[in-house]
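I have placed the structure first, in the form of structure tokens, so that the comments after it can refer back to it.
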Amino acid sequence: MLTPVLSRGWGDTDSFTLEGYRRHRGYEALARARAMDPDALIALVKESGLRGRGGAGFPTGMKWGFIPQGTEGQAAKPHYLVVNADESEPGTCKDTPLMMANPHVLVEGVVIACHAIRASHAFIYIRGEELHVLRRLQHAVQEAVDASLVGDLRIVVHAGSGAYICGEETALLDSLEGYRGQPRLRPPFPATHGLYASPTVVNNVESIASVPSIVLGGAAWFGSMGTEKSKGYTLYSLSGHVKRPGQYEAPLGITLRQLLDLSGGMRDGSELKFWTPGGSSTPILTAEHLDVPLDYEGVAGAGSMLGTKALQCFDQTTSVVRAVLRWTEFYAHESCGKCTPCREGTYWMVQILKRLEAGQGTEEDIATLLDTCDNIFGRSFCALGDGATSPIVSAVQHFRDEFLAGTHTPAWELFPYRASARWGGALAGAQA
Amino acid sequence: MAASGLDLERARAEAREIIARYPQPRSALLPMLHLVQSHEGYVSGEGIALCAEELGLTKAEVGAVATFYTMYRRRPAGTYHVGVCTNTLCAVLGGDEILERVSERLGITHGETTEDGTFSLEHLECNAACDYAPVVMVNWEFYDDQTPESAVDVVDRLAAGQPVAPTRGPRTQCTFKEASRVLAGFPDGRAVEGVQAGPATLAGFALAQSRGDAAPDYPVSEAGDGPQEQEQA
Ligand SMILES: Cc1cc2nc3c(=O)[nH]c(=O)nc-3n(C[C@H](O)[C@H](O)[C@H](O)COP(=O)(O)O)c2cc1C
Ligand code: SF4
Ligand code: FES
């Protein structure tokens, strides 16, 4: 049921070292990939069905195939690989433990990917707010260089400086060029005009880290896990009012019910009230959706998105209005300010939600909230704006009564906040 | 406090080292601003001038970038910059209460620094450690699974000059300036310290082991590159 591949070696205390990784066949895939023609490597990744693990699920091999090859025009410019290690979507916590426990699998994936797209320079853009992960990456790159594993390739580990929007791939490129991180107009796309207006692949950490296993196992092996259109294994991150939060590596298409059954379920006395399938930008789901297959199509069919597979589980003690307000404050804070619907809209939605949390809202407020979401969704410059509407629209859809209660009773009276805490109220005693 | 921590000569040499890492110099700007913080504890006017000079930019251009990013500080951070995650998941699991208690203890609120310069405090957005909620960060080192009591204890021990170890990090807590140096791309040699992974990171791995679950074996290669070494359990 569980299929540890990336997490296979994490139990060893030296899992983050070259020696520790080699114990689990580390860098064997690289030797094999080097002997392959770059185009054959791209074809292999295409055939595997690997889809981007950064949220959107775009086929990785196809993305690599978009890089112009040859000696003319754009193709003649240097090619770049940029690994997106910004991991800042609320709830998302998979790349961080992966890079801390085994940065080498990412480094190996980087070297293989650069061979495929014919890049001689790679960047790992990691959010700055996780120092020990940065150390581990710096160390792994140095070890790989010292062991002559990276050849002529230059790998730069680049620490970001605090801005969720820099996870958006074009904003990330601007940031990496030393500017404010604001999204770019597309087209042109990064595949032809990315970093320094040169052909660039931007991939998520987990996407790139999955490549060595595909090279070793082959496309059929990878596709023996997962579902028809969502192939392979992936990291699911369980958090919230569950008994055993953490990283669970399983085939795509497993359900939250299965994951909860396996891992011990909700904490004692808890009942699942709502959850995100893939971070705060994916519409929330409820206990009705426990059997939705957690793959790209399954979650889309339930009206949400697989996103980053960040399964944040909240129990019956949680005020949904409080939760949604806090996420909205996040989007308002992180809005880069480039376009009006997002910049202004998120600000006003925070004001309205604050009233509703305090029990001082009106029914009109709820309508205004939804109208504002309408004005942001599809009208914003980048997907941050769309994401900001997800929790609100889905929460009103599933829990309208709670928003209505916000017209007369403060959320903290309906749901005393302390009861939600790890040490809170009735549940504290029940906790192991 | 010293008038200025900026050893211009040294900072300039380091800045040039950073610039040399990149195909285009301007890419060095963000790490250079971390470098400035490693000398000054914040992004000082002198530091902005140095970046501008080395990159051939105006001070206004550098300033516009510095103000965009939350990790760059306009005023000195404390030796220990304490962040409490209050994004939804951590807040609900108790992060709000932790922030309140730490704030009370230190006598400062979000964005402030104690008079003696030992602590600054901030509430944080999700720090990619939700499986360890509620999370507290000190100079961007992880303090997982906190309670109000444990968080107050961490700051008390730091205040008393006692050794404190992050839960997933090096053996002892570093200072804000030391952390900034690593962010600028100058390793401190401490990557090998601390655990490889915390308990939540290993939850699925351990469960798979106890259940005897595993991914399918890699097929034996037809290429004939010899017998494959067996995966160790
Ligand atoms: C606001 C915003 C934040 C994002 N943050 C991240 C992130 O932290 N990490 C990531 O890999 N992708 C993030 N993405 C998605 C990237 O734009 C991009 O799709 C992804 O890095 C592509 O990699 P993949 O194809 O391997 O998934 C974000 C997108 C948006 C709109
Ligand atoms: S949608 Fe928001 S984050 Fe995206 S460009 Fe517009 S203002 Fe910036
Ligand atoms: S919400 Fe606090 S670390 Fe994610």
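As you go down the protein sequences, you meet chains A and B in turn. With the first letter of the first sequence counted as 1, position 288 gets the number 288 in the numbering used here; the numbers rise by one all the way through. With the first letter of the second sequence counted as 1, position 131 gets the number 131 in the numbering used here; the numbers rise by one all the way through. Even for Gly, the Cβ is constructed at its ideal location relative to N, Cα and C.
Can you find the residues in the same chain that come closer than 8 Å, C-beta to C-beta, to residue i, ignoring five residues on each side of it along the sequence?
i                      : result
residue 430 of chain A : Unreliable positioning characterises residue 430 of chain A in this predicted model, as indicated by a pLDDT of 43, which lies under 50. The coordinate reading is nonetheless provided below. 267, 268 and 269.
residue 63 of chain A  : 52, 191, 201 and 203
residue 61 of chain B  : 52
residue 8 of chain A   : 24
residue 48 of chain B  : 36, 59, 62, 63 and 66
residue 15 of chain B  : 28, 32, 35, 50, 51 and 54
residue 207 of chain B : 213
residue 301 of chain A : 292
residue 43 of chain A  : 61
residue 173 of chain A : 82, 184, 190, 194, 195, 200 and 202
Can you name, in chain order, every residue of its own chain whose Cβ lies under 7 Å from the Cβ of residue i, other than the five neighbours on each side?
i                      : result
residue 215 of chain B : none
residue 225 of chain B : With a pLDDT of 46 at residue 225 of chain B, under the threshold of 50, the modelled position of this residue cannot be trusted, and the question is left open.
residue 1 of chain B   : Low confidence applies here, because residue 1 of chain B scores a pLDDT of 39, under 50, leaving its location unreliable; read the following figure in that light. Answer for residue 1 of chain B: 117, listed in chain order.
residue 110 of chain B : 121, 122 and 123
residue 153 of chain A : 111, 114, 120 and 122
residue 96 of chain A  : 87, 130 and 133
residue 412 of chain A : none
residue 347 of chain A : 332
residue 428 of chain A : Any answer about residue 428 of chain A is weak, because its pLDDT of 49 lies below 50 and its placement is not dependable; what the coordinates show is given next. Same-chain partners within the cutoff: there are none.
At a CB-CB cut-off below 9 Å, which residues of chain B make contact with residue i?
i                      : result
residue 4 of chain A   : 204, 205, 208, 209, 213, 214 and 215
residue 481 of chain A : Coverage of chain A is limited to positions 1 through 432, which leaves residue 481 of chain A absent and any answer about it impossible.
residue 152 of chain A : Correct list: empty, because the minimum Cβ distance to chain B is about 14 Å.
How would you write the range of the beta strand (DSSP E) that residue i sits in, first residue to last?
i                      : result
residue 315 of chain A : 310-315
residue 84 of chain A  : 80-85
residue 120 of chain B : 119-124
residue 246 of chain A : 246-251
residue 274 of chain A : 272-276
residue 160 of chain B : From DSSP, residue 160 of chain B is part of no beta strand (DSSP E); its letter is neither H nor E.
residue 157 of chain A : 154-159
residue 124 of chain A : 121-126
residue 142 of chain B : 141-143
residue 136 of chain B : 136-138
Provide the residue span of the alpha helix (DSSP H) that contains residue i, from first to last.
i                      : result
residue 266 of chain A : Counting along the chain, residue 266 of chain A falls outside any alpha helix (DSSP H), and DSSP gives it neither H nor E.
residue 214 of chain A : 205-223
residue 6 of chain A   : Note, residue 6 of chain A: premise wrong, no alpha helix (DSSP H); not H, not E.
residue 235 of chain A : Residue 235 of chain A -> not in any alpha helix (DSSP H); beta strand (DSSP E) instead, spanning 233-240.
residue 397 of chain A : 383-405
residue 72 of chain B  : Per DSSP, residue 72 of chain B belongs to no alpha helix (DSSP H) and is neither H nor E.
residue 61 of chain B  : 59-66
residue 80 of chain B  : Element bounds for residue 80 of chain B: not the alpha helix (DSSP H) but the beta strand (DSSP E), 80-85.
residue 176 of chain B : 176-183
residue 103 of chain B : 96-106
residue 375 of chain A : 363-376
Taking 6 Å as the limit between beta carbons, can you name the residues of its chain near residue i, skipping five residues before and five after?
i                      : result
residue 338 of chain A : 182 and 381
residue 394 of chain A : 283 and 284
residue 66 of chain B  : 33, 43 and 72
residue 89 of chain B  : 130 and 133
residue 9 of chain B   : none
residue 170 of chain A : 183 and 184
Could you list which residues in chain B have their beta carbon closer than 8 Å to that of residue i, in chain order?
i                      : result
residue 51 of chain A  : By Cβ distance, chain B contributes nothing, its closest Cβ being about 18 Å from residue 51 of chain A, past 8 Å.
residue 134 of chain A : 182 and 183
residue 12 of chain A  : 196
Rounded to whole angstroms, how far is the Cβ of residue i from the Cβ of residue j, which I believe are closer than 8 Å?
i                      : j                      : result
residue 259 of chain A : residue 274 of chain A : So it is not a contact: roughly 16 Å between Cβ atoms.
residue 222 of chain A : residue 102 of chain A : About 19 Å separates the two Cβ atoms, so there is no contact after all.
Which residues of chain A have a Cβ atom closer than 7 Å to the Cβ of residue i, listed in chain order?
i                     : result
residue 79 of chain B : Within 7 Å Cβ-Cβ: nothing; residue 79 of chain B doesn't reach chain A, min ~15 Å.
Just to make sure I have the definition right: I need the residues of chain A whose C-beta is within less than 8 Å of the C-beta of residue i. Which are they?
i                      : result
residue 22 of chain B  : 156
residue 14 of chain B  : The premise fails here: residue 14 of chain B is roughly 15 Å from chain A at the closest Cβ pair, so nothing lies under 8 Å.
residue 121 of chain B : Here the premise fails: no neighbours, minimum Cβ distance about 15 Å.
Which chain A residues are close to residue i, counting only those with a beta carbon under 9 Å from its beta carbon?
i                     : result
residue 76 of chain B : Here the premise fails: no neighbours, minimum Cβ distance about 17 Å.
Please list the partners that residue i has in chain C, where partner means a Cβ-to-Cβ separation under 8 Å.
i                     : result
residue 70 of chain B : The structure shown contains no chain C; its protein chains are A and B.
So with CB distances below 7 Å, who are the chain B contacts of residue i?
i                      : result
residue 224 of chain A : 216
residue 269 of chain A : Going along chain B, no residue has its Cβ under 7 Å from residue 269 of chain A, so there is no contact; the nearest lies around 15 Å.
residue 233 of chain A : 215
Using a Cβ-Cβ cut-off of less than 7 Å, list which residues of the region 143-162 of chain B approach chain A; keep chain order. Taking 7 Å as the Cβ-Cβ cut-off, the region 143-162 of chain B approaches chain A at 147, given in chain order.
Any residues in the region 26-54 of chain B with a beta carbon nearer than 8 Å to a beta carbon of chain A? Which ones, in chain order? In summary, the residues of the region 26-54 of chain B whose CB is separated from some CB of chain A by less than 8 Å are 26, 27, 28, 29, 30, 31, 33 and 34, in the order they occur in the chain.
Identify each residue in the region 84-95 of chain A for which the Cβ-Cβ distance to at least one residue of chain B is less than 8 Å, and report them in chain order. 87, 88, 89, 90, 91, 92, 93 and 95
Taking Cβ-Cβ distances below 9 Å as the criterion, which residues of the region 118-133 of chain A are in contact with chain B? 121, 123, 127, 128, 129, 130, 131, 132 and 133
Where the region 408-422 of chain A meets chain B: residues whose CB sits under 8 Å from a CB there: 417, 418, 420, 421 and 422
Please name the residues in the region 164-179 of chain B whose beta-carbon is closer than 9 Å to at least one beta-carbon of chain A, in chain order. 166, 168, 169, 170, 174 and 179
Using a Cβ cut-off of 8 Å, which residues of the region 114-140 of chain B contact any Cβ in chain A, in chain order? Taking 8 Å as the cut-off between beta carbons, the residues of the region 114-140 of chain B near chain A are 124, 125, 126, 127, 128, 129, 130, 131, 132, 133, 134, 137, 139 and 140, in sequence order.
Using a Cβ-Cβ cut-off of less than 8 Å, list which residues of the region 91-113 of chain B approach chain A; keep chain order. Going along the region 91-113 of chain B in chain order, one finds 91, 92, 93, 94, 96 and 97 with a Cβ nearer than 8 Å to chain A.
Against chain B: residues of the region 207-219 of chain A by CB proximity under 7 Å: Flagged, chain order: 216, 217 and 218.
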